[in-house]
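Notes follow once the structure below has been shown.
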Amino acid sequence: MDSADYTEVALRLANAELTDVESVRAALHDEPWWADRLRESDLPLLREVAGGLRRALAAMVAGPGHAQDETVRSEINALLGTHPPRPRLSGHGGHDDVPNWHVHVAGPDAPAVDEVVAAAAWGLAQGVVHHGTRRWGRCQAEGCGTYFLDTSTNQAKRFCSPRCANRVHVAAFRARKRS
Ligand SMILES: [Zn+2]
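Taking the working numbering, the leading residue of the sequence shown gets -11, the next gets one more, and so forth.
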């Protein structure tokens, strides 16, 4: 994983429903190594960390401003302080005797949840370092509210996905036809 992947983990956890362990596994499906090892008993910690991620993201979406920057800094630093990344170089998953070199953010024997929350905290911090606080958005489709990082050049992204954009455009088209 690199910084961009960790930022993606932060967004996935922030946007996860966290109603049960299946919903977390669905949200982290790109990382089956973690997803399969998460337990129902990890949910309180995941909810707590997702809450901090959401408060930081909400401040970035509401910003810019000094107060928002302060919230972003304090929320992310609180997460990093409680769930510090503990980087470990690993070579597992390679083939033909060539190690697949990568860094884990928790020791090899740590529970999966420890690595997930450390990766999310680290990922949001790295996201702010690389993109600042003004490129974060929240989907404007009714009932969605998914947080996203807008890396487009014109920074005009309003929806999390083509699906939400289409939904809103179809609804607007129907409303115009009715009136
Ligand atoms: Zn959406």
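Glycine is no exception: its CB is placed at the ideal position from the N, C-alpha and C atoms.
Is A129 near ligand 1, going by C-beta to nearest heavy atom under 7 Å? Checking every heavy atom of ligand 1 against the Cβ of A129, one is found closer than 7 Å.
Cα-Cα separation, G39 to D30: Roughly 14 Å between the two C-alpha positions.
Does the Cβ of S149 lie closer than 7 Å to at least one heavy atom of ligand 1? Yes, the Cβ of S149 comes within 7 Å of a heavy atom of ligand 1.
I need the boundaries of the beta strand (DSSP E) containing R43, first residue and last residue. Looking at the DSSP string, R43 is not in any beta strand (DSSP E); the run it does join, the alpha helix (DSSP H), is 31 to 50.
Of the choices Q56, H90, A100, A47, whose alpha-carbon is the least far from that of R13? Comparing alpha carbon positions, the residue from Q56, H90, A100, A47 closest to R13 is A100.
Does the count of Cβ pairs from the stretch 103 to 119 and the stretch 63 to 71 closer than 8 Å reach three? Yes: at least three Cβ pairs fall under 8 Å.
Along the beta strand (DSSP E) that carries W168, what are the first and last residues, could you check? The shown model of the chain, from -11 to 167, leaves out residue 168, and the question about it has no answer.
Smallest Cα separation from G125: which of H80, A47, H92, E5? Per the Cα distances, A47.
Contact under 8 Å by Cβ, A2 with Y135: In this structure, the beta-carbon distance from A2 to Y135 falls below 8 Å.
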